[in-house]
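Take a look at the structure set out below.
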Amino acid sequence: MTDLELRWGVLGATARISGSVAPAIHRTPGNAVTAVAARPGRLAASARFAEPFGATAHDGFDALLADDGVDAVYIALPNSEHVPWTLRALAAGKHVLCEKPLALSEEDVARIGRAAGDRTVMEAYMYRCHPQQRRVAELLASGVIGDLRVVRAAFAGRTTAADGTRYDPALGGGATWDVGCYAFDVALWAFGRPPERVRARFHAEGGAAVDTSAVAVLDFGGGRAALLDYGFDYGPRSRYELQGVDGSIAVDNAWALGREDGVITVVTGRGVRREVVPAADPYEHQAAEFHRAVRTGDTPLVSLADSARTARVGRALVESARTDADVVLRDA
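Count the sequence shown with full-length UniProt numbering and you get residues 1 to 332, in order.
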């Protein structure tokens, strides 16, 4: 790999999300998609996906990982396959950008961390890299709303059981690991630490085998909390609000930015101020951030410590819903 170009392979060429992420990677300076793969036996589908990039189509994921012309891989597979293929990619010497959730447990994130060595691993929370989110971080750090007390976050959009991976528990399906992790990730980011306890109530629309929506409370102690709702049996909804003792910062279209301008509303005792963030592709900013981390050796914007926290909280929410009780994160 040179300082000028990071050569990418895509694991999951037929995944819907790859159709958005791979082109964004390819048009971001310093990055190029040079190889793609679907599952073995789907070489024709891989070839169709590869053609616009002038990339090599491989028959299966192992064949792509054996390609010495690939420096980094983007993993867009079902949730249950993120850990094993991340570990295989690291063993093959590749850097890894993996769709969220990177793992379904804190222990698996630790396994990935031990395997990574000097290679970059980043969970694909693309919204963290977007200029809108970076501006919110500046506003929060400025103290304009004072001490943060409450995060309210909602992310929902209707889908159907025909979208099999979301509804299959064996593949890590369910709303918590699909849209919910965005909602609690923003709370963990804003407070900068895990909660002391969580409580969740799940709903399974039509007798689904997974949670299709949920409400949850994350208690950070000292009167600080996050109030979440998320699901794929209602919507659309994509918004969060940071409430401080002196005001609030509200973010519309928080995780679904594409062609629309972002709008940040700041409310304090001095009045209401709205800031417009020009439309930008979050996947391009994600590719640029990943390239920066690989080039410099710095920790990426979404660190493995962040991923461990989100995995830990997601698992606690699942346990809380199962037992209908608070789950205490004792060493939070």
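Think of the CB as a built atom: it goes at the ideal place given N, C-alpha and C, for glycine as much as any other residue. Note that the structure is predicted; figures quoted are calculated from it, not measured.
One question on the structure: do residue i and residue j come within less than 8 Å of each other, judged by their Cβ atoms?
i	j	result
Val313	Phe184	yes
Pro84	Ala311	no
Ala72	Leu139	no
Tyr127	Trp255	yes
Ile25	Ala287	yes
Leu329	Glu196	yes
Gly207	Val144	no
Leu304	Ile17	no
Ala190	Leu218	no
Thr120	His82	no
Ala89	Leu65	yes
Thr165	Gly173	yes
Glu99	Ala76	yes
Leu171	Ser80	yes
Leu301	Val151	no
Gln132	Gly297	no
Leu43	Ala57	yes
Pull up the DSSP beta-bridge partners for residue i, would you.
i	result
His95	Ala72
Phe202	Ala214
Leu11	Ala37 and Ile75
Ala225	Val150 and Asp219
Gln243	Val150 and Ser248
Leu43	DSSP lists no partner for Leu43.
Ala156	Gly231 and Arg237
Met122	Leu97
Thr265	Ala250 and Arg274
His82	In the DSSP output, where bridge partners are listed per residue, His82 has none listed.
Ala32	Arg7
Val327	Val198
Thr56	Ala35
What does a CB cutoff of less than 7 Å around residue i pick up in its chain, not counting 5 residues either side in sequence?
i	result
Val136	Ile249, Val251 and Ile264
Gly30	Leu4, Glu5, Leu6 and His291
Pro169	Ala209 and Val210
Pro282	Met126, Tyr127, Cys129, His130 and Leu257
Ser105	Ala311 and Arg315
Trp212	With the sequence shown as reference, residue 212 is identified as Thr, and Trp is not the correct amino acid for it. Contacts found: Ala175, His203, Ala204, Glu205, Gly231, Phe232 and Asp233.
Gly60	Ala37, Arg39 and Pro40
Spatial neighbours of residue i within its chain, please: CB distance less than 8 Å, with the 5 preceding and 5 following residues excluded, ordered by chain position.
i	result
Gly235	Ala156, Gly157 and Arg158
Ala214	Ala175, Thr176, Gly180, Ala200, Arg201, Phe202, His203, Leu228, Asp229, Tyr230, Gly231, Leu317 and Ala321
Thr299	Ala293
Ser20	Tyr283
Gly146	Gly244, Val245, Asp246 and Gly247
Gly223	Arg149
Arg259	Ala279
His285	Met126, Cys129, His130 and Pro131
Given a threshold of 16 other Cβ atoms within 10 Å of its Cβ, counted over all protein chains shown, does residue i qualify as buried or as exposed?
i	result
Thr2	With a pLDDT of 45 at Thr2, under the threshold of 50, the modelled position of this residue cannot be trusted; read the value that follows with caution. Classification of Thr2: exposed, given that the 10 Å Cβ count is below 16.
Arg274	exposed
Trp8	buried
Val272	exposed
Val276	exposed
Arg270	exposed
Asp46	According to the sequence shown, residue 46 is Ser rather than Asp. The residue in question, Ser46, is buried, as its Cβ has 16 or more Cβ neighbours within 10 Å.
Pro278	exposed
Ser238	buried
Asp68	exposed
Ala91	exposed
Ala141	exposed
Glu319	exposed
Leu11	buried
Glu51	exposed
Asp178	buried
Asp306	buried
Less than 6 Å between C-beta atoms, sequence neighbours within five positions excluded: which residues of the same chain meet that for residue i?
i	result
Phe49	Ala13 and Val36
Phe53	His26 and Val33
Val186	Ala153 and Tyr240
Ala308	Glu106 and Val109
Asp326	Arg197 and Arg199
Thr323	none
Val267	Gly247 and Ser248
Ala226	Val151, Ala187 and Leu218
residue 335	In this structure the chain extends from 1 to 332, so residue 335 is not present and cannot be described.
Ala22	Val10 and Val33
Ala103	Val83, Val109 and Ala311
Leu97	Tyr74, Met122, Ala124 and Phe290
Beta carbon of residue i: closer than 7 Å to some heavy atom of the ligand MN?
i	result
Thr34	Annotation note on the ligand MN: not contained in the displayed structure, which lists no ligands.
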